[in-house]
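Right, here's the structure in full:
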């Protein structure tokens with residue numbers, strides 16, 4: 003299906019794993035605030051980082067602090083994403099990329115991979131906790147052959163807990179459902195309220211098609227591949243421009259912004275193609291994790 007790259011279809015991802023204790027992505031760490039510091043956090047400006055990707059690898063410019071971080075990206079391949087993967091202290095880039103390579107092939111998630119936040123486009127923002135990270139991307143977005151993963155170390159320092167900027171709406175995931183509160187626009191917030199699983203959101207534009215028709219035919223459509231013709235009821239859909247946008251992959255309690263194009267009057271579907279951390283089929287197939295909505 004379309005993009006299903008970034009954190010790869012199998013990694014699209016099965017849940018980056020482990021480390022999701024009560025301390026890892028609690029509501030306090032996700033928002034970067036608590037009752038005593040809420041006013042300070044509201045006034046704090048997000049820190050910024052610049053990601054540069056080329057044939058020699060990936061570099062990070064800037065020193066992010068915990069809380070919202072605005073991300074500028076140069077050289078991001080179409081269909082890929084940049085991921086901030088929090089790892090156990092002392093885990094090397096090589097160990098991380100080896101583990102991620104296993105995950106992209108549908109294998110188990112190494113326990114040293116603790117959390118994840120991703121961006122699909124320059125200008126998006128993510129909420130990061132303090133800790134050790136590997137920032138990585140896949141240079142191979144053709145879907146043919148092995149992934150070409152490149153990464154670099156990053157330390158996120160303690161910060162004032164800056165909050166994400168306001169957007170045109172919010173997409174919330176749980177296990178295994180979506181809640182959408184969005185209006186026409188191009189900047190949205192994704193929040194993963196799951197306590198266990200990793201999720202993302204991919205948005206599909208079905209134009210002026212009747213929502214009931216989309217709901218009836220969406221399971222068969224999602225289960226197909228490029229060699230499978232779409233259901234006849236969807237024959238009039240503009241499949242060349244089907245994907246309207248999507249978020250990066252986020253661990254439990256994680257959040258960030260993403261770019262999408264939502265137009266008034268259109269029907270949209272949202273789906274998650276991440277697997278459970280224990281493995282299995284993507285959530286859209288294994289758990290029917292998709293929803294259909296219209297924009298007024």
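Residue numbers (my numbering): 3 to 298.
Cβ atoms here follow ideal geometry from the backbone N, Cα and C, with glycine treated the same way.
Closest Cα partner of residue i within the set the options
| i | options | result |
| --- | --- | --- |
| residue 235 | 224, 211, 254 | 211 |
| residue 112 | 164, 90, 128, 119 | 90 |
| residue 92 | 126, 150, 125, 133 | 133 |
| residue 2 | 231, 263, 154, 139 | For residue 2 there is no data in the structure shown, the boundaries of the chain being 3 and 298. |
| residue 78 | 61, 289, 71 | 61 |
| residue 215 | 237, 201, 197, 164 | 237 |
| residue 274 | 221, 53, 242 | 221 |
| residue 198 | 178, 209, 245, 156 | 178 |
| residue 203 | 277, 69, 162 | 277 |
| residue 122 | 182, 284, 245 | 245 |
| residue 52 | 76, 45, 46, 68 | 76 |
| residue 228 | 217, 219, 241, 218 | 241 |
| residue 209 | 265, 284, 63, 103 | 265 |
| residue 260 | 74, 63, 247 | 247 |
Environment of residue i [buried if 16+ CB atoms lie within 10 Å]
| i | result |
| --- | --- |
| residue 32 | Below a pLDDT of 50, predicted positions are generally treated as unreliable, and residue 32, at 42, falls in that range; no measurement from the model is reported. |
| residue 194 | buried |
| residue 167 | exposed |
| residue 288 | exposed |
| residue 72 | buried |
| residue 127 | buried |
| residue 225 | exposed |
| residue 293 | buried |
| residue 56 | exposed |
| residue 279 | buried |
| residue 267 | exposed |
| residue 230 | exposed |
| residue 286 | buried |
| residue 243 | exposed |
| residue 291 | buried |
Contact check, residue i vs residue j, beta carbons under 8 Å
| i | j | result |
| --- | --- | --- |
| residue 169 | residue 189 | yes |
| residue 239 | residue 270 | no |
| residue 158 | residue 66 | yes |
| residue 82 | residue 139 | yes |
| residue 154 | residue 115 | no |
| residue 192 | residue 124 | no |
| residue 232 | residue 223 | yes |
| residue 48 | residue 184 | no |
| residue 281 | residue 110 | yes |
| residue 182 | residue 295 | yes |
| residue 46 | residue 162 | yes |
| residue 272 | residue 200 | no |
| residue 131 | residue 68 | yes |
| residue 151 | residue 99 | yes |
Residue i, DSSP secondary structure in three states
| i | result |
| --- | --- |
| residue 63 | strand |
| residue 259 | strand |
| residue 103 | helix |
| residue 132 | coil |
| residue 227 | coil |
| residue 264 | strand |
| residue 185 | coil |
| residue 243 | helix |
| residue 6 | Residue confidence for residue 6 is low, a pLDDT of 40 falling below 50, so the modelled location carries little weight; the figure read from the coordinates is stated next. Note: residue 6 maps to coil in three-state DSSP. |
| residue 294 | strand |
| residue 85 | strand |
| residue 222 | helix |
| residue 203 | coil |
| residue 117 | strand |
| residue 50 | strand |
| residue 236 | helix |
| residue 170 | coil |
| residue 217 | helix |
Supposed close pair residue i, residue j - CB separation, criterion 8 Å
| i | j | result |
| --- | --- | --- |
| residue 84 | residue 136 | Actually they are not in contact, since the Cβ atoms of residue 84 and residue 136 sit about 11 Å apart, beyond 8 Å. |
| residue 101 | residue 251 | The Cβ separation is near 15 Å, so there is no contact. |
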